[in-house]
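Order-wise, the sequence lines are chains A and B. For the first sequence, this note's numbering begins at 9 and goes up steadily by one. For the second sequence, this note's numbering begins at 9 and goes up steadily by one. By construction, the Cβ of each residue, glycine as well, lies at the ideal position given by its N, Cα and C atoms. Remember, predicted model here, so these are calculated numbers, not experimental data.
Protein chains: 2
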Amino acid sequence: MVKPSGKTKRDAKTGILDAADEIFVRRGIDGARMQEIADHAGVNKALLHYYFRSKADLARAVWLRIASSFVPGIFQMMASDLPLDDKIDRFVEAYHAKLMRHPYLLAYVVNEAARHPEIVGDFLSAERRRAARRMIRKLRAQIADRTKAKRVAPLSAEQFLVTLAASCLFPFAARPMIASLLGLGPKAVDAFMEQRRKDLPAFLKRAIR
Amino acid sequence: MVKPSGKTKRDAKTGILDAADEIFVRRGIDGARMQEIADHAGVNKALLHYYFRSKADLARAVWLRIASSFVPGIFQMMASDLPLDDKIDRFVEAYHAKLMRHPYLLAYVVNEAARHPEIVGDFLSAERRRAARRMIRKLRAQIADRTKAKRVAPLSAEQFLVTLAASCLFPFAARPMIASLLGLGPKAVDAFMEQRRKDLPAFLKRAIR
DNA sequence: GTCTATACTCTGATAGAC
DNA sequence: GTCTATCAGAGTATAGAC
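Below, the structure is given as structure tokens:
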């Protein structure tokens, strides 16, 4: 408002973040080149170091933005009073929608989390840790209700959550391997994923029925 | 036999492969340094280029050795006449045992498969593709038998296989995230995984019951 | 805030002696 | 086959003009 350069500044910074996002996700942090990011953003390489001191800082900023964009929403939904079956539907739907559009995202996240564990911690603020605990507690109650009513073997809420996430996410991370293994071309893999989006919720509900 | 250097040669080459395996898996291909691999193998950097022309070639050799060491065995077991439930037990058991000892392996495989899809193709020879098809065909028959007998909704063998793999493998790839999310230390995560090894087969069997 | 030019470091790769 | 020495290129990062 006061500074006329305010808008421009944010645009340049955001532009760099957008470009870095794409290049990091495509090549990994180690494989990415600052020059390529700069080119992709249409700015000079020096500007990257002006806004973000180093490559590591830039990578951290990109990571934080990615994680912040959809993890908190999922936490909240999973901690809500929604019936368990609806949560499964929404979880599957949300991640399929997200990852269909960003196929390399998950391989990136998985890899960098393994390689640079500290940035995972950076993302999980105290507030988010509390949100995670709320989610687990709520899920535990819902699963307990169900197993009590139907006399099924007890199931840990944590294990269920991990299995749910695994079933949705892993196929996107393993997409190239699935394609090779099943002998599918790019379009056939898309169809396979689309089918999965439809079938998976029923499969998971059956397991906790 | 004829050459007295035969044994030494193989040892040096194997030593380099062992070292490269460890460093690549720990740092990723892009993050790994030829110097570090050479140091770890106790040989000179130049020797790496003598046996493997370039870093890319070395990475390919490492990948082929890793994949060859346990994928074909799994294919064969899954294509056998073993009952479906036993296959689930063995699959879960085999991968948990393997990955407990090589925690970074999966993040590496997933990442490099996404980044360098061509090396996945290198691994899947025509013979292995046939083995994969045999496995799928057998699983499809077994699942069909079961759903016919118990009147359950039909389930694609491919989808089931992916879900099975996802449930077993993803937790290892996502280990750092799971730890952060659930607030577990290294020992607690190990316990979580151990619990998972026990509970997962029952969960999966219930879904196709 | 944004650019040009450049310093400095590191890495993969090769040449050549033994 | 294995080593020492070295190079060319690429990379991150900074200095300084505008």
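Tell me whether the beta-carbon of residue i lies closer than 8 Å to the beta-carbon of residue j.
i         : j         : result
Val100(B) : Ile186(A) : no
Phe32(B)  : Ala67(B)  : yes
Trp71(B)  : Phe168(B) : no
Leu55(B)  : Ala28(B)  : no
Arg141(A) : Pro80(A)  : no
Phe178(B) : Leu177(A) : yes
Met86(A)  : Leu147(A) : yes
Phe78(B)  : Met143(B) : no
Ala181(A) : Ala173(B) : no
Leu25(B)  : Arg73(B)  : yes
Val128(B) : Ala139(B) : no
Using a Cβ-Cβ cut-off of 8 Å, state whether residue i counts as contacting chain B.
i         : result
Ala218(A) : Given that chain A is displayed from residue 9 to residue 217, the structure contains no residue 218(A) and the question cannot be resolved.
Ser188(A) : yes
Gly36(A)  : yes
Met185(A) : yes
Gln84(A)  : no
Thr155(A) : no
Tyr59(A)  : no
Leu177(A) : yes
Leu132(A) : yes
Phe200(A) : yes
Pro125(A) : yes
Ser100(A) : Here residue 100(A) is Val; the residue named in the question, Ser, does not match the sequence. Output row for Val100(A): interface = no.
Gly50(A)  : no
Could you check how far apart the C-beta atoms of residue i and residue j are, in whole angstroms? I think they sit under 8 Å.
i         : j         : result
Val118(B) : Asn119(A) : 7 Å
Arg183(A) : His104(A) : That belief does not hold up - the Cβ atoms of Arg183(A) and His104(A) are roughly 12 Å apart, past 8 Å.
Ala215(B) : Ala49(A)  : Their Cβ separation, rounded to whole angstroms, is 46 Å, which puts Ala215(B) and Ala49(A) out of contact at 8 Å.
Gly39(A)  : Arg123(B) : 7 Å
Leu212(B) : Ser175(B) : 7 Å
Ile151(B) : Ala134(B) : Actually they are not in contact, since the Cβ atoms of Ile151(B) and Ala134(B) sit about 26 Å apart, beyond 8 Å.
Lys158(A) : Arg217(A) : 7 Å
Arg154(B) : Leu113(B) : Arg154(B) to Leu113(B), Cβ: 32 Å. No contact.
Gly36(B)  : Tyr116(B) : 7 Å
Lys53(A)  : Ala46(A)  : 4 Å
Asp89(A)  : Pro209(A) : Contact flag wrong, Cβ pair sits at about 19 Å.
Does any residue of chain A have a CB that is nearer than 8 Å to the CB of residue i?
i         : result
Val10(B)  : Low per-residue confidence applies at Val10(B): pLDDT is 40, beneath 50, and the placement is therefore not dependable, though the value from the model is reported in the following sentence. False, the Cβ-Cβ gap to chain A never drops below 8 Å.
Gln150(B) : no
Gly14(B)  : Annotation note: pLDDT 46 at Gly14(B) (below 50); position unreliable, no value reported.
Ser214(B) : The identity of residue 214(B) in the sequence shown is Arg, whereas the question assumes Ser. At least one chain A Cβ lies under 8 Å of Arg214(B).
Asn119(B) : yes
Ala181(B) : yes
Gly81(B)  : no
Glu166(B) : yes
Ala20(B)  : no
Ala174(B) : yes
Asp47(B)  : no
Tyr103(B) : no
Gly193(B) : no
Gly23(B)  : no
Leu163(B) : yes
Val4(B)   : Because chain B in this structure spans residues 9 to 217, residue 4(B) falls outside the shown range and cannot be described.
Asp207(B) : yes
Ala122(B) : yes
Gln43(B)  : no
Val170(B) : yes
Phe211(B) : yes
Quick check on the DSSP output: the alpha helix (DSSP H) that includes residue i runs from which residue to which?
i         : result
Tyr112(B) : From DSSP, Tyr112(B) is part of no alpha helix (DSSP H); its letter is neither H nor E.
Asp89(B)  : Note, Asp89(B): premise wrong, no alpha helix (DSSP H); not H, not E.
Phe180(B) : Ala165 to Ala181
Leu55(A)  : Lys53 to Tyr59
Ile216(B) : Careful: Ile216(B) lies outside any alpha helix (DSSP H) and carries neither H nor E.
Ala134(A) : Ala134 to Lys158
Ala49(A)  : Met42 to Ala49
Gly193(A) : No alpha helix (DSSP H) contains Gly193(A), which DSSP labels as neither H nor E.
Pro125(A) : Pro125 to Phe131
Using a Cβ-based criterion (distance less than 7 Å to any ligand heavy atom), does residue i qualify as near the ligand SAM?
i         : result
Ile186(B) : Only the bare structure without any ligand can be found here, which leaves the ligand SAM out of the picture.
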